[in-house]
Structures are given as C-alpha cells and as structure tokens.
Amino acid sequence: MDIIRQYKNVKYVWLIVFLLLALSSCARAPGRKTLPPTVRPQMQPQVTPEIFPPGMRSTIVHVVAPGETVWRISKMYDVSIEHIVKENRLKNSSMLEKGQRLNISQAAPVRPVVTLYPSKKWKYIIIHHSATDSGSALGFDKSHQARGFNRGLGYDFVIANGTADKLDGQIEVSPRWIKQEDGAHCKAGNMNCRAIGICLVGNFSQERVSAKQMDSLIYLVNRLSKYYNIPKNNILGHGQVKGANTECPGTKFPWAEFKNKL
Ligand SMILES: [Zn+2]
109 MDIIRQYKNV KYVWLIVFLL LALSSCARAP GRKTLPPTVR PQMQPQVTPE
159 IFPPGMRSTI VHVVAPGETV WRISKMYDVS IEHIVKENRL KNSSMLEKGQ
209 RLNISQAAPV RPVVTLYPSK KWKYIIIHHS ATDSGSALGF DKSHQARGFN
259 RGLGYDFVIA NGTADKLDGQ IEVSPRWIKQ EDGAHCKAGN MNCRAIGICL
309 VGNFSQERVS AKQMDSLIYL VNRLSKYYNI PKNNILGHGQ VKGANTECPG
359 TKFPWAEFKN KL
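Count the sequence shown with this note's numbering and you get residues 109 to 370, in order.
Structure follows, in structure tokens:
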C-alpha cells in the first residue's frame, strides 16, 4: 500500500511540476497581439485656402472639365455648392458632364484647388508641354481617349495658356490625380506609376512659357515637392528621363529660371 501511495504522490508532484512549468512558460512566451484590421489610409485632400476681395467678383461661365465636381467648382470660385446648384437648376449635383456649361454669379477670380492626398507613391515630377498652341484638360482628355488611353487625360495637372475657355496660368486638376491613379505621360523610367505629370499648354520649342504659366508651375511644383518630399533632382523634363526620346517640354523651356525660383 505504502509503495502505491508513494507512487501516487510522486505522480502528483510531477503533475504539479509539469503544470507550473507549463504556466510559467506561457507567461514568458510573447503575448499574442491582437492585430488591428488592415486600415487603408484615408484620402484626406488638403485644399489651398485663398481669399479674394468681394469687389473682384463677377458672373462667369465655367466649362466643366473631366473629373470636376460641384464641390471642386465651388472652391475654385469661392461660392457655395447650393449657389451653383440653384443657379443652374442642377437636379443631381454629383453628376456633372464634361463640357457642361455652368453660369456662376458672384464668382471670385478662379483659384487653384490643388488637392493633396497622403501617399508614398510620388517620387518624381515630370514637366511636359502639349506641343500645341491651344488646349485644356477637356481637349486633351478627348485626344488622349482617341489615342487609346481608355482612362482619358494622361497627365495629373494641366496649366492652361489662356486658350480653350481657360485662363492663362489656370491650373486644371486631372481625374487621374483626384483618383491617385497611374499616369499615361511618360513610359520611360517607369515614370507613369511614380511621377506626377504636369503639362503646360503650348509648344516651347517655338514659343515662350507665359509669365502666368511659370508662376503657376512654380506654385504647383513647390507645393507638390514639399508635401511629397520630392528632391529638386527628381524634378525633370520629359526628355530628361533616361530612355525618353523627346524634346518635350521644348528646346526653349527656361530651365535656369524655373529651377532658380523653386
Ligand atoms: Zn512630354
């Protein structure tokens, strides 16, 4: 009997030792962390606030460019969404058509609504010219679609030259930028997925960049390069990208003036 009892006691001791070891090893094991669900960073656009004196307001006609919403247009002219909806009897304010004409009274001079989205995608800025005398985001959208770009306008921004219903120096924002999609402006160097494409309307192998276009370009490039931490060396003309066989943005593009003002 004693032997059996002893045997039972030994068995219990080993059981206790085993349990203690098991517990202590659990305590020492790194705790399993509850992983948070995958969170996609929210696209929170930042908009440039600019205020214009009321005396400068006038009635204008705005031709809707690709990707423009009533919200964006209301910011461009510093008027309310309701004001645009009411004045143009819009039934569905979220549905604007490209090329649609909107009357806007009490409109402030158009200002750039450069929306910025948190992203690690953008490492370069590529400058282009349209190599045409005139144009706008709307026109290039049509021509790019005709060239087979099924998502239309290949650039992220267009800087107008006072033709095609747009003002000299007016910055137009492309739907590709608003949706943060890859561009279709520079295949070389795999730039379409890592470079912001800016197109100035004009042919700068033949003519000069207007002063207002240059001011807008500097404003835009400074804003983008600061926000996305893009170094000066990564701000290039299309033709300066290795493998790109083009004189874009033109042989007369004023590089020294441009780089000095950055
Ligand atoms: Zn180009």
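Where a beta carbon is used, it is the ideal one built from N, C-alpha and C, also for glycine.
Close Cβ partners of residue i (< 8 Å) along its chain, the five nearest in sequence each way excluded
i	result
residue 205	172
residue 179	189
residue 174	206, 245, 246, 249, 260, 261, 282 and 283
residue 229	288, 301 and 302
residue 311	237, 238, 239, 240, 241 and 358
residue 318	269, 270, 276, 277 and 310
residue 257	292
residue 346	234, 235, 236, 293, 294, 352, 354, 356 and 357
residue 252	260, 261, 262 and 292
residue 316	360 and 362
residue 328	220, 222, 265, 267, 279 and 306
residue 365	322
Counterpart residues of residue i in DSSP-defined beta bridges
i	result
residue 232	303
residue 280	266
residue 215	166
residue 243	Answer is none; residue 243 lacks a bridge partner.
residue 171	209
residue 370	Partner(s): none; residue 370 has no beta bridge.
For residue i, three-class secondary structure by DSSP
i	result
residue 358	coil
residue 256	coil
residue 297	helix
residue 275	coil
residue 309	coil
residue 347	helix
residue 328	helix
residue 178	helix
residue 193	helix
residue 141	Residue placement at residue 141 cannot be trusted, given a pLDDT of 40 that sits under 50; what the coordinates show is reported in the next sentence. Note: residue 141 maps to coil in three-state DSSP.
Distance between beta carbons of residue j and residue i, contact taken as under 8 Å
i	j	result
residue 244	residue 215	Residue 244 to residue 215, Cβ: 18 Å. No contact.
residue 323	residue 270	Actually they do not touch by this definition, with Cβ atoms about 13 Å apart.
residue 326	residue 333	Not a contact, Cβ separation roughly 11 Å.
residue 182	residue 168	The Cβ separation is near 13 Å, so there is no contact.
residue 212	residue 264	Residue 212 to residue 264, Cβ: 25 Å. No contact.
residue 340	residue 308	Their Cβ separation, rounded to whole angstroms, is 19 Å, which puts residue 340 and residue 308 out of contact at 8 Å.
residue 338	residue 199	Contact doesn't hold; Cβ gap of about 42 Å is too wide.
Contact set for residue i: own chain, Cβ-Cβ below 7 Å, skip 5 residues either direction
i	result
residue 349	234, 294, 296, 297 and 299
residue 313	355, 358, 359 and 360
residue 275	218 and 268
residue 208	172
residue 415	Residue 415 is absent from the model: the chain starts at 109 and stops at 370.
residue 166	215
residue 320	276 and 277
residue 414	Given a span of 109 to 370 for the chain in the structure shown, any question on residue 414 remains unanswerable.
Nonlocal neighbours in the same chain, by C-beta distance under 6 Å from residue i, ignoring five residues either side
i	result
residue 210	170 and 196
residue 220	279
residue 286	175
residue 185	212, 215 and 216
residue 266	245, 280 and 307
(request) Considering only heavy atoms of ligand 1, list every residue whose Cβ is less than 5 Å from one of them, following chain order. (result) 236, 346 and 356
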